[in-house]
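These notes are about the structure you will find just below.
Number of protein chains: 2
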Amino acid sequence: MNIGDAAKATGLSSKTIRYYESIDLIAADRQENGYRTYTDAHVHKLRFVQRARGLGFSIDDCRALLSLYQDKHRASAEVKNIAQKHLEEIEGKIAELQDLQQTLSHLVEHCAGDHRPDCPIMDGLSGELHEASAKVAKLH
Amino acid sequence: MNIGDAAKATGLSSKTIRYYESIDLIAADRQENGYRTYTDAHVHKLRFVQRARGLGFSIDDCRALLSLYQDKHRASAEVKNIAQKHLEEIEGKIAELQDLQQTLSHLVEHCAGDHRPDCPIMDGLSGELHEASAKVAKLH
DNA sequence: ATAAGGCTTCCAGTAACTGGAGGGTCAAGA
DNA sequence: TCTTGACCCTCCAGTTACTGGAAGCCTTAT
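As given, the protein sequences belong to chains S and V, one line each in that order. Each position in the first sequence, counted from 1, maps to that position plus 22 in the numbering used here. Each position in the second sequence, counted from 1, maps to that position plus 22 in the numbering used here.
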């Protein structure tokens with residue numbers, strides 16, 4: 023199977039597959055003409071990484087997960103540990119974004135959005151943001 | 023005021039302030055010895071950008087906001103438009119992350135995390151993820 | 001005189017690709 | 001047989017918003 027077929031089979035782009043090889047994540051065999059060749063085993067690994075990336079795991083996490091994937095004697099605790107950390111990062115990011123969302127939506131709601139220059143968003147950005155946030159915080 | 027003092031006054035690092043100058047975001051005056059000089063007006067602009075960045079606005083958004091900040095005849099609609107778009111992006115990201123969080127926490131909860139190799143997380147990554155997601159979706 | 005600190009510029013690296021240039025390879029149709 | 005189009009190859013640059021570090025000047029205090 024050439025790289026284009028592997029790409030179709032995995033949902034990754036050829037570029038991305040070459041990139042993964044360049045960072046020693048997933049190696050491919052080569053034909054005489056220099057073309058990369060992919061077996062079913064290669065495709066399974068690529069799909070594995072594609073799914074892990076889709077869940078937001080970093081390439082480094084993928085590297086670790088891939089090595090556990092191929093380790094018959096792995097402890098599920100190692101896998102869980104990686105996933106748990108990633109989950110906590112995601113939860114942290116959600117909390118951060120929700121904070122921003124609170125502050126921003128408050129500002130946006132109070133902006134007339136017309137031809138006049140007066141603007142609570144600008145007021146917030148030019149120095150009254152903490153006060154605004156404090157007000158929002160009080161409401162909850 | 024030298025760059026170090028401007029840094030302390032704004033909460034930005036000297037490096038970052040120099041970077042903002044290098045991308046033509048906020049220019050500084052120069053002394054005879056080549057040192058940058060900052061006035062109160064400079065510091066206000068720097069703080070403005072620092073707050074906007076803190077709310078997650080991109081540098082390009084900051085550029086636009088800064089120009090509106092200095093425009094006495096701006097229409098608040100322009101500001102609101104930028105903020106609204108940004109807010110929508112944030113809400114989109116929150117939704118994405120919550121999706122990941124659902125799927126991941128489901129997988130993590132069902133992993134024993136012991137010495138044995140059996141692992142629902144690995145199962146998910148190696149091909150049963152969609153089924154797992156579907157199950158999670160059904161629960162809600 | 002020298003040492004400590006602050007200032008300067010410039011280069012490289014970060015994460016994970018993506019786009020594009022320039023150029024081989026292969027199979028099918030005229 | 002030639003050519004066309006669809007592949008494939010490598011290498012370089014660009015993306016975001018900085019951050020770290022090297023090499024070297026300026027200033028102030030001891």
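In this text, a Cβ means the ideal position worked out from N, Cα and C, and glycines have one as well.
Cβ-heavy atom distance, residue i to the ligand GTP, below 6 Å
i, result
"A117 (chain V)", "Of the ligands one can find in the structure shown there are none, so the ligand GTP has no counterpart to examine."
Inter-residue Cα distance where the pair is residue i and residue j
i, j, result
"M144 (chain S)", "R138 (chain S)", "12 Å"
"S89 (chain S)", "L126 (chain V)", "20 Å"
"K115 (chain S)", "E113 (chain V)", "12 Å"
"L122 (chain V)", "Q53 (chain V)", "52 Å"
"G33 (chain V)", "D82 (chain S)", "32 Å"
"I45 (chain V)", "K37 (chain V)", "12 Å"
"E118 (chain S)", "D62 (chain S)", "41 Å"
"Y42 (chain S)", "G146 (chain V)", "21 Å"
"A97 (chain S)", "D140 (chain V)", "8 Å"
"V130 (chain S)", "P142 (chain S)", "8 Å"
"V101 (chain V)", "R40 (chain V)", "26 Å"
"D93 (chain S)", "H128 (chain S)", "51 Å"
"R85 (chain S)", "S148 (chain V)", "14 Å"
"Q120 (chain S)", "E110 (chain V)", "12 Å"
"C136 (chain V)", "H95 (chain S)", "According to the sequence shown, residue 136 (chain V) is Asp rather than Cys. Distance between the alpha carbons of D136 (chain V) and H95 (chain S): 12 Å."
"K160 (chain V)", "I48 (chain S)", "In this predicted model, K160 (chain V) has a pLDDT of only 38, less than 50, meaning its place in the structure is not dependable; the value taken from the coordinates is given anyway. Going by the C-alpha atoms only, they are around 35 Å apart."
"A134 (chain V)", "R58 (chain S)", "39 Å"
"A31 (chain V)", "I25 (chain V)", "10 Å"
"V71 (chain V)", "A99 (chain V)", "20 Å"
"M23 (chain V)", "S80 (chain S)", "42 Å"
"H132 (chain V)", "L87 (chain S)", "17 Å"
"Q124 (chain V)", "G76 (chain V)", "27 Å"
"E55 (chain S)", "G56 (chain V)", "Glu is not the amino acid found at residue 55 (chain S); the sequence shown has Asn there. Distance between the alpha carbons of N55 (chain S) and G56 (chain V): 58 Å."
"Y60 (chain V)", "Y60 (chain S)", "59 Å"
Terminal residues of the alpha helix (DSSP H) in which residue i lies
i, result
"L119 (chain V)", "98 to 131"
"D82 (chain V)", "81 to 91"
"I45 (chain S)", "Segment: none, I45 (chain S) is in no alpha helix (DSSP H) and carries neither H nor E."
"M23 (chain V)", "Segment: none, M23 (chain V) is in no alpha helix (DSSP H) and carries neither H nor E."
"L68 (chain V)", "62 to 76"
"S136 (chain V)", "Note on residue identity: the sequence assigns Asp, not Ser, to residue 136 (chain V). Neither: D136 (chain V) is in no alpha helix (DSSP H) and is coded neither H nor E."
Rounded Cβ spacing between residue i and residue j (contact assumed at less than 8 Å)
i, j, result
"A29 (chain V)", "S35 (chain V)", "6 Å"
Outcome for residue i when other beta-carbon atoms lying within 10 angstroms are tallied against a minimum of 16
i, result
"A74 (chain S)", "buried"
"A50 (chain V)", "buried"
"G78 (chain S)", "buried"
"Y91 (chain S)", "buried"
"E153 (chain S)", "Caution is warranted here: a pLDDT of 47 is assigned to E153 (chain S), below 50, making its placement in the model unreliable, and the coordinate value is therefore given only provisionally. Its Cβ having fewer than 16 others within 10 Å, E153 (chain S) is exposed."
"A156 (chain S)", "A caution first: A156 (chain S) carries a pLDDT of 45, below 50, which makes its placement in the model unreliable, though a value can still be read off. Classification of A156 (chain S): exposed, given that the 10 Å Cβ count is below 16."
Touch check for the region 100 to 113 of chain V and the region 59 to 71 of chain V: three-plus C-beta pairs under 8 Å? no
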